[in-house]
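A.B. asks: Following this message is one structure expressed as structure tokens.
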Amino acid sequence: MGVKGPKPMVFFGTILKRFRNPVSLLDQSYVRKYGNVFGIFNGTDPVLFVADPALVKQVLVKDFQRFSDRRTLKTEHPLINKNLFNTEGETWKRLRTIMSGTFTSGKMRKMYPLVRQCIQEYLEHMEILAKRGEPIDAKALHQGFTMDVIARTAFGTETNSQKEPNSPFVRNAHDVFKFNPWKVIPAFIFPKWLNTALGIRTHLGESPNNWIFELSRHLLQKRRNGFKNNDFLQLLVEANAADINANHQKAAIDNESHHVNEGEDEKMAENSALSLDIADKMLTDDEIIAQSWLILTAGFETTATTLGYISYLMALYPSSQERIRAEVAEAVDADGEINYETLQRLPYLDACLTETLRLYPPVARLERVASEDIALGVDGVVVRKRQRVEIPVYAIHRSEKYYSQPNEFRPDRWLPENKHKLVPY
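Numbering (the working numbering), first residue to last: 1 to 425.
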């Protein structure tokens with residue numbers, strides 16, 4: 001690749017280092033030692049890492065259409081292979097285009113009442129626990145709340161994980177995540193050719209997954225028969241690529257971004273790449289079921305973990321907790337409620353969430369796969385077709401080049417009056 005990096009071992013490349021160090025800390029050490037552009041070897045496959053803001057923007061924004069693919073996790077289950085994360089090329093673009101219209105602010109607003117119901121149940125349970133005066137398992141509480149939100153918004157199913165932790169949906173949804181990690185890790189660590197040569201196949205727990213799929217198919221049939229609800233499942237049923245393409249400039253741009261880059265470049269790049277003449281305008285039933293499953297698997301642990309981290313930080317920084325309480329108290333209406341629009345305009349709460357995600361990003365790395373040969377930056381580092389590019393998110397977030405006191409919780413850095421002090425990337 002013509003860039004610096006750790007010395008690879010024959011056959012294994014640099015993958016063994018991942019068994020000895022957390023990925024987040026490993027990336028930090030690489031950036032400190034080799035700079036913002038370096039290379040590693042995943043077995044015999046070269047992987048380029050970019051932590052330079054200009055190159056990150058080129059990969060994720062300017063040349064979005066050349067880096068739309070990711071490494072896929074093909075499994076033995078045909079339905080799982082139909083979710084957005086497991087598709088590539090034109091199939092990915094088709095799914096992404098159809099689904100892009102389901103995540104606009106206007107459509108999220110319609111689901112807000114479902115989330116509010118889950119919040120109310122969560123608060124009622126918290127009040128009971130508070131009266132007992134006993135220590136609580138915050139992780140379990142956040143997981144229960146997140147599960148309830150996903151059940152109602154993605155599957156149209158009412159659950160109350162706090163009161164009924166052993167209900168069929170909750171039990172099977174939790175079991176989806178109880179698989180042998182060594183059946184999945186090789187797919188991410190070893191190159192594809194090595195997995196094939198060794199006969200390694202990715203197996204996820206079939207029983208809980210099949211239960212979720214059968215439930216989804218049953219609920220989907222009810223929607224086909226006329227039942228409607230304001231949830232993701234309904235949006236996926238009604239999603240039409242023709243309508244979305246016609247309104248892409250309006251709907252897909254519906255973004256309430258508040259960070260340094262307000263997202264205009266990102267929107268333009270995505271609109272250009274996703275405005276396709278798609279023959280198959282609607283999602284098939286299998287594709288709808290696969291995307292519902294994806295919302296569960298991609299949204300559960302990431303959301304619950306983020307809630308856990310911000311709770312931890314609020315305990316460490318009571319002054320920030322009090323500022324949030326004051327901001328929320330001022331925003332509630334006469335009935336003690338906060339509507340969707342008001343919720344979008346709580347700057348300090350937003351700043352605390354953003355700072356939490358900076359310190360503890362749900363994923364330590366982002367990755368893309370080049371669809372063609374392409375040169376990055378003024379130095380012209382060449383990325384070959386099908387080569388992977390990775391962005392060390394955690395290392396960037398903890399870099400003194402972009403954040404003063406990067407290891408400190410300082411939410412004020414994200415307030416509107418301080419945005420100009422941040423280094424955009």
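Don't be surprised by glycine CBs; every beta carbon is placed ideally from N, CA and C.
Predicted model, so just to flag it, every value in this text is computed and none were measured.
So for P6, helix, strand or coil by DSSP?
C.D. replies: Within the sequence shown, residue 6 is the residue found at index 6, counting from 1. DSSP places P6 outside both helix and strand once states are collapsed to three, so it counts as coil.
A.B. asks: Does the separation of the CB atoms of Y309 and Y348 fall below 9 Å?
C.D. replies: What you label residue 309 is simply residue 309 of the sequence shown in a count that begins at 1. What you label residue 348 is simply residue 348 of the sequence shown in a count that begins at 1. Contact flag unset, no.
A.B. asks: Would you mind giving the Cβ-Cβ distance between I40 and V47, rounded to the nearest angstrom? I have them listed as a contact below 8 Å.
C.D. replies: To locate residue 40, count along the sequence shown from 1; it is residue 40. To locate residue 47, count along the sequence shown from 1; it is residue 47. About 5 Å; that satisfies the 8 Å criterion.
A.B. asks: With burial defined as no fewer than 16 other Cβ atoms inside 10 Å of the residue's Cβ, what is the status of Q405: buried or exposed?
C.D. replies: Residue 405 sits at position 405 when you count from the first residue of the sequence shown. Q405 counts as exposed, since fewer than 16 other C-beta atoms from the protein chains shown sit within 10 angstroms of its C-beta.
A.B. asks: Kindly identify the DSSP beta-bridge partner or partners of R217.
C.D. replies: Looking up residue 217 in the sequence shown gives position 217. According to DSSP, which records beta bridges pairwise, R217 is partnered with nothing at all.
A.B. asks: Given that a residue counts as buried once 16 or more other Cβ atoms are within 10 Å of its Cβ, and exposed if not, what is F227?
C.D. replies: Reading the sequence shown from its first residue, position 227 is the one you call residue 227. Exposed: under 16 other Cβ atoms inside 10 Å.
A.B. asks: Excluding the five sequence neighbours on either side, which residues of its own chain have a C-beta within less than 8 Å of the C-beta of T102, listed in chain order?
C.D. replies: Taking the sequence shown and counting its residues from 1, the one referred to as residue 102 is at position 102. The residues are F232, L235, L236 and A239.
A.B. asks: In its own chain, which residues sit with a C-beta less than 6 Å from the C-beta of Q143, not counting the 5 before and 5 after it?
C.D. replies: Counted from its first residue, the sequence shown places residue 143 at position 143. Counting only Cβ-Cβ distances below 6 Å, and skipping sequence neighbours, we find A304.
A.B. asks: Rounded C-beta distance between A364 and V23? I'm assuming under 8 Å.
C.D. replies: Residue numbering aside, residue 364 sits at position 364 when the sequence shown is read from its first letter. Residue numbering aside, residue 23 sits at position 23 when the sequence shown is read from its first letter. A364 to V23, Cβ: 5 Å. Contact.
A.B. asks: So, at 8 Å on beta carbons, what are the nonlocal neighbours of D254 in its own chain, with the 5 sequence-adjacent residues on each side left out?
C.D. replies: Against the sequence shown, residue 254 aligns to sequence position 254. Any reading at D254 is ruled out, since the residue's pLDDT is 49, under 50, leaving its predicted position unreliable.
A.B. asks: So, do the region 69 to 81 and the region 403 to 422 have three or more beta carbon pairs nearer to each other than 8 Å?
C.D. replies: no
A.B. asks: Note down the Cα distance separating V369 from E88, rounded to an integer number of angstroms.
C.D. replies: As a working note, residue 369 is residue 369 in the sequence shown. As a working note, residue 88 is residue 88 in the sequence shown. Approximately 10 Å, taken between the alpha carbons.
A.B. asks: P8: buried (16+ other C-beta within 10 angstroms of its C-beta) or exposed?
C.D. replies: The residue you call residue 8 lines up with position 8 of the sequence shown. Counting Cβ neighbours within 10 Å, P8 comes out buried, since at least 16 surround it.
A.B. asks: Going by DSSP in three states, N229 sits in which element: helix, strand or coil?
C.D. replies: As a working mapping, residue 229 is identified with position 229 in the sequence shown. Note: N229 maps to coil in three-state DSSP.
A.B. asks: Let me know if D427 comes out buried or exposed under the rule of 16 or more other beta-carbons within 10 Å of its beta-carbon.
C.D. replies: A question about residue 427 goes unanswered here, because the residues of the chain that appear run from 1 up to 425.
A.B. asks: Between the C-alpha atoms of R171 and R224, what's the straight-line distance to the nearest angstrom?
C.D. replies: In the sequence shown, residue 171 corresponds to position 171, counting from 1. In the sequence shown, residue 224 corresponds to position 224, counting from 1. Near 27 Å, if we compare the C-alpha coordinates of R224 and R171.
A.B. asks: Does DSSP classify K250 as helix, strand or coil?
C.D. replies: By one-based count along the sequence shown, residue 250 stands at place 250. Confidence at K250 is low in this model, with a pLDDT of 49, below 50, so its placement is unreliable and the value that follows should be read with caution. Here DSSP, grouped into helix, strand and coil, assigns K250 to helix.
A.B. asks: As an exercise, report each continuous alpha helix (DSSP H) stretch of at least 4 residues that is fully enclosed by the region 83 to 143, in chain order.
C.D. replies: 89 to 100 and 105 to 132
A.B. asks: Just to check my reading of the structure: D148 and C118 have Cβ atoms closer than 8 Å, yes? What is that Cβ distance to the nearest angstrom?
C.D. replies: Within the sequence shown, the letter at position 148 stands for residue 148. Within the sequence shown, the letter at position 118 stands for residue 118. Rounded, the Cβ-Cβ distance is 4 Å, consistent with contact.
A.B. asks: Thinking C-alpha only, which one of S320, F11 and E417 is nearest A197?
C.D. replies: Along the sequence shown, read from residue 1 onward, the residue named residue 197 stands at position 197. Residue F11 is the option with its Cα nearest to A197.
A.B. asks: Which residue wins for smallest C-alpha separation from A140, given the options A375, F19 and H174?
C.D. replies: Here residue 140 corresponds to residue number 140 of the sequence shown, with the count starting at 1. Checked all of A375, F19 and H174; the closest Cα to A140 is H174.
A.B. asks: Which of the three DSSP states is assigned to H258 in this structure?
C.D. replies: Against the sequence shown, residue 258 aligns to sequence position 258. The predicted position of H258 is uncertain, since its pLDDT is 48 and thus under 50; no value can be drawn from it.
A.B. asks: Determine the burial state of H218: buried for a count of at least 16 other Cβ atoms within 10 Å of its Cβ, exposed for fewer.
C.D. replies: Position 218 of the sequence shown holds residue 218. H218 should be labelled exposed.
A.B. asks: Suppose contacts are defined by Cβ-Cβ distances below 9 Å. Is A154 in contact with G377 by that definition?
C.D. replies: On the sequence shown, position 154 is the one that residue 154 refers to. On the sequence shown, position 377 is the one that residue 377 refers to. No.
A.B. asks: Measuring alpha carbon to alpha carbon, tell me which residue in E301, D350 and N230 is nearest Q145.
C.D. replies: Working through the sequence shown from its first residue, we reach residue 145 at position 145. Note on residue identity: the sequence assigns Phe, not Gln, to residue 145. Closest option to F145, Cα to Cα, is E301.
A.B. asks: According to DSSP, which residues form a beta bridge with P46?
C.D. replies: The residue you call residue 46 lines up with position 46 of the sequence shown. F41.
A.B. asks: For G5, does the count of other Cβ atoms within 10 angstroms reach 16, so buried, or fall short, so exposed?
C.D. replies: As a working note, residue 5 is residue 5 in the sequence shown. By the neighbour-count rule (16 or more Cβ atoms within 10 Å), G5 is buried.
A.B. asks: Tell me which residues share the same chain as V382 and place their Cβ nearer than 7 Å to its Cβ, disregarding the 5 neighbours each side in the sequence.
C.D. replies: If you number the sequence shown from 1, residue 382 lands on position 382. Excluding residues within five positions, the ones whose Cβ falls inside 7 Å are D373 and A375.
A.B. asks: Identify, in the order they occur along the chain, each residue of the same chain with its Cβ nearer than 8 Å to the Cβ of V59, setting aside the five sequence neighbours on each side.
C.D. replies: In the sequence shown, residue 59 corresponds to position 59, counting from 1. Excluding sequence neighbours, V59 sits near V50, F67, R368, L376, V389 and I391.
A.B. asks: Would you mind stating whether A395 and V3 have Cβ atoms separated by less than 9 Å?
C.D. replies: For the purposes of this step, residue 395 is taken as residue 395 along the sequence shown, with counting starting at 1. For the purposes of this step, residue 3 is taken as residue 3 along the sequence shown, with counting starting at 1. Not in contact: A395 and V3 (Cβ atoms no closer than 9 Å).
A.B. asks: Can you tell me whether I98 is buried or exposed? The criterion is at least 16 other CB atoms within 10 Å of its CB, across all chains shown.
C.D. replies: Within the sequence shown, numbered from 1, the residue matching residue 98 stands at position 98. Looking at its Cβ environment, which holds 16 or more other Cβ atoms inside 10 Å, I98 is buried.
A.B. asks: D285 to D350, Cα distance in whole Å?
C.D. replies: Numbered from its first residue, the sequence shown carries residue 285 at position 285. Numbered from its first residue, the sequence shown carries residue 350 at position 350. Approximately 36 Å between the Cα atoms of the pair.
A.B. asks: Can you name, in chain order, every residue of its own chain whose Cβ lies under 8 Å from the Cβ of L415, other than the five neighbours on each side?
C.D. replies: Against the sequence shown, residue 415 aligns to sequence position 415. So the qualifying residues of the chain are P347, Y348 and A351.
A.B. asks: What three-state label does DSSP hand D335 in the structure shown?
C.D. replies: Start at 1 with the first residue of the sequence shown, and residue 335 comes out as number 335. If DSSP states are grouped into helix, strand and coil, D335 belongs with coil.
A.B. asks: Between which two residues does the alpha helix (DSSP H) harbouring L353 extend?
C.D. replies: Residue mapping note: residue 353 aligns to position 353 of the sequence shown, counting from 1. That run of the alpha helix (DSSP H) goes P347 to L359.
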